[in-house]
Amino acid sequence: MMEPLDRILLGVATVGGAVCAVGATMYLYLYSGAVPLPLSAVLFGALLAGISVAARRLGGEPVHGALPVIAFLLVIAAFLLGGPGGDIVLYADWRLLLLLLCGIGMPILAGHLASSVE
Numbered sequence: 016m017m018e019p020l021d022r023i024l025l026g027v028a029t030v031g032g033a034v035c036a037v038g039a040t041m042y043l044y045l046y047s048g049a050v051p052l053p054l055s056a057v058l059f060g061a062l063l064a065g066i067s068v069a070a071r072r073l074g075g076e077p078v079h080g081a082l083p084v085i086a087f088l089l090v091i092a093a094f095l096l097g098g099p100g101g102d103i104v105l106y107a108d109w110r111l112l113l114l115l116l117c118g119i120g121m122p123i124l125a126g127h128l129a130s131s132v133e
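In my numbering, the protein residues as written are 16 to 133.
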């Protein structure tokens, strides 16, 4: 059974996963001159991996480590739906694929590495 403080911290980690999605989306289409520079996918993917490993260690179950990643994916899915008036937040191109690969792959890799160390 989890302590109340642990539940609160797990909720904070889940919100952190959603904030990672917002931050990564904000800077995903950054350019340096004429060259696309989607560093936010890699940076926020690494941050999400750290949050996911911390949530897994806090909760003790693998599903607890997946909560920030699920929140990340839900926010990305909401951004793909578009907004009022036909506004599009995310475009379906290679940068979105990179964001999804980093947002899912890095936490999985970090969780695997962290569980093999324990």
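Backbone N, C-alpha and C fix where the C-beta goes; we use that ideal spot for every residue, glycine too.
- If you compare the alpha carbons of Pro51, Thr29, Leu25, Ser55 with that of Gly38, the shortest gap goes to Ser55.
- The alpha carbon of Val34 has as its nearest neighbour, out of Arg110, Ile66, Met16, Ala49, the alpha carbon of Ile66.
- Excluding the 5 residues flanking it on each side, Ala129 has same chain C-beta neighbours closer than 8 Å at Val68, Arg71, Arg72, in chain order.
- In the three-state DSSP reduction, Val27 falls in the helix class (H, G or I).
- Assignment of Pro53 by DSSP, reduced to helix, strand and coil, places it in the coil class.
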